[in-house]
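Participant:
Numbering (the working numbering), first residue to last: 13 to 334.
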């Protein structure tokens, strides 16, 4: 019993020594930080630039967002907040001069008052770089472009979607300087991937904006992607060949008289498909327009329940009987 008590007391003393050492270490670090922050420093603070009071029909056309570097002299405490976030400076374009009616001119000497207001009174501004900013602007333009689904999707065997993949909206408005948006013909979505798909899709997709300038704005930031996925099956039907535009005084022998048509349809609609939903026509006028010894059959489908079709024969031979 006494042996256990002795061990417990020794462990407690060791833990107390560790706790005292840790507390001393923390206090030393705090004192060091306070000492350092109390000293005076000369540092350069980068400000990200934004704009206000820009006319609604105008846009700044710089290739990148400019930065203003403000060099200050102050105690470390006053600089502490700038190490955690990049501050922003808003240029009031109404107070800027105009250059040749196509650019604004911001001067650092006029902006120094703004920076004095932003900084604390105990901060001394040493310099502002650059001493001026030329801000070219353009007339804002808008155009609507199609939204393109970028996808890598395959279905589970025996499954498909009749209507396919639907994006809502199917187009977006591109807003920016006319020179910047004239080459934009479409906007792509981010890549959507599905393997062995056999269930419905209903999800939000974002856009792929890697090649779109930050100066260009879009009316939408995402779209809804939907698809109804069902079981599908294949059907085959024999359809008679009809010759159209044949003069009444011409007798024409042709072969084959019927062509097999395979079609892909959802399982639930399979029984609704009839032979009269299909028509195969050959145009007699094609004989005069070509020297071929055959006609090209054209398949006409009168139902919207068919996903895809295939003619099992794509030539019709003929002989004109004199």
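Glycine included, each C-beta is placed from N, C-alpha and C at the ideal position.
For residue 122, which of 270, 113, 144 has the nearest alpha-carbon?
Facilitator: As a working mapping, residue 122 is identified with position 110 in the chain shown. Comparing Cα positions, the closest option is 144.
Participant: Between residue 244 and residue 279, which are expected to be in contact by the criterion C-beta below 8 Å, what is the C-beta distance as a whole number of angstroms?
Facilitator: Numbered from 1 along the chain shown, position 232 holds the residue referred to as residue 244. Numbered from 1 along the chain shown, position 267 holds the residue referred to as residue 279. Indeed, because the Cβ distance is near 7 Å, the residues count as touching under 8 Å.
Participant: Enumerate in chain order the residues of its own chain whose CB-to-CB distance from residue 214 is below 6 Å, with the five nearest sequence positions on each side excluded.
Facilitator: Locating residue 214 in the chain shown gives position 202, where the first residue counts as 1. Contacts found: 238.
Participant: Across the region 114-130 and the region 140-154, are there enough close Cβ pairs to call them in contact, namely three or more that are closer than 8 Å?
Facilitator: Because the criterion of three Cβ pairs below 8 Å is met, the region 114-130 and the region 140-154 touch.
Participant: Going by DSSP, name the residue or residues bridged to residue 291.
Facilitator: Here residue 291 refers to the residue found at position 279 when the chain shown is read from its first residue. 312, per the DSSP bridge assignment.
Participant: Report yes if the C-beta distance between residue 163 and residue 240 is below 7 Å; otherwise report no.
Facilitator: Counting from one through the chain shown, the residue named residue 163 turns up at place 151. Counting from one through the chain shown, the residue named residue 240 turns up at place 228. Not a contact, by the Cβ cut-off of 7 Å.
Participant: The alpha helix (DSSP H) spanning residue 353 covers which residue range?
Facilitator: With the chain running from 13 to 334 in the structure shown, residue 353 is simply not present.
Participant: Based on DSSP bridge pairs, tell me the residues matched to residue 109.
Facilitator: The residue given as residue 109 occupies position 97 in the chain shown. Beta-bridge pairing links residue 109 to 117.
Participant: How many Å lie between residue 282 and residue 303 at the Cα?
Facilitator: The residue you call residue 282 lines up with position 270 of the chain shown. The residue you call residue 303 lines up with position 291 of the chain shown. Each residue's Cα considered, the two are about 40 Å apart.
Participant: On the DSSP letters alone, give me the boundaries of the alpha helix (DSSP H) that residue 192 sits inside.
Facilitator: Position 180 of the chain shown holds residue 192. Per DSSP, residue 192 belongs to the alpha helix (DSSP H) from 190-193.
Participant: I think residue 333 touches residue 265, with their Cβ atoms under 8 Å apart; what is that distance to the nearest whole Å?
Facilitator: Along the chain shown, read from residue 1 onward, the residue named residue 333 stands at position 321. Along the chain shown, read from residue 1 onward, the residue named residue 265 stands at position 253. 6 Å between Cβ atoms; contact.
Participant: Give a yes or no on whether the C-beta atoms belonging to residue 314 and residue 289 are separated by under 7 Å.
Facilitator: In the chain shown, residue 314 corresponds to position 302, counting from 1. In the chain shown, residue 289 corresponds to position 277, counting from 1. Result yes, Cβ atoms of residue 314 and residue 289 sit closer than 7 Å.
Participant: Count the other C-beta atoms from every protein chain shown that fall within 10 angstroms of the C-beta of residue 11, then say buried if there are 16 or more, exposed otherwise.
Facilitator: What the structure shows of the chain is the stretch from 13 to 334, and residue 11 is not part of that stretch, so it cannot be assessed.
Participant: Hey, quick one: how far does the beta strand (DSSP E) through residue 210 stretch, first residue to last?
Facilitator: The residue labelled residue 210 in the question sits at position 198 within the chain shown. From DSSP, residue 210 is part of no beta strand (DSSP E); its letter is neither H nor E.
Participant: Which term fits residue 259, buried or exposed, when burial requires 16 or more other beta carbons within 10 angstroms of its beta carbon?
Facilitator: Within the chain shown, residue 259 is the residue found at index 247, counting from 1. Result: exposed.
Participant: What are the start and end residues of the beta strand (DSSP E) that includes residue 176?
Facilitator: As a working note, residue 176 is residue 164 in the chain shown. Per DSSP, residue 176 belongs to no beta strand (DSSP E) and is neither H nor E.
Participant: What number of angstroms, rounded off, separates the C-alpha of residue 231 from the C-alpha of residue 149?
Facilitator: As a first step, residue 231 is located in the chain shown; it is residue number 219 there, counting from the start. As a first step, residue 149 is located in the chain shown; it is residue number 137 there, counting from the start. Each residue's Cα considered, the two are about 21 Å apart.
Participant: Would you kindly work out how many angstroms separate the C-alpha atoms of residue 79 and residue 58, rounded to a whole number?
Facilitator: On the chain shown, position 67 is the one that residue 79 refers to. On the chain shown, position 46 is the one that residue 58 refers to. Rounded to the nearest angstrom, the two C-alpha atoms are 6 Å apart.
Participant: Would residue 330 and residue 311 be called neighbours here (beta carbons separated by less than 7 Å)?
Facilitator: Counting from 1 along the chain shown, the entry for residue 330 is found at position 318. Counting from 1 along the chain shown, the entry for residue 311 is found at position 299. Their beta carbons are not under 7 Å apart, which means residue 330 does not touch residue 311 by this criterion.
Participant: Determine, using beta carbons only, whether residue 159 and residue 184 come nearer to each other than 7 Å.
Facilitator: Along the chain shown, read from residue 1 onward, the residue named residue 159 stands at position 147. Along the chain shown, read from residue 1 onward, the residue named residue 184 stands at position 172. In this structure, residue 184 lies closer than 7 Å to residue 159 by Cβ.
Participant: Could you tell me which of 68, 64, 107, 108 sits nearest to residue 100, measuring between CA atoms?
Facilitator: Within the chain shown, residue 100 is the residue found at index 88, counting from 1. Nearest option by C-alpha distance: 64.
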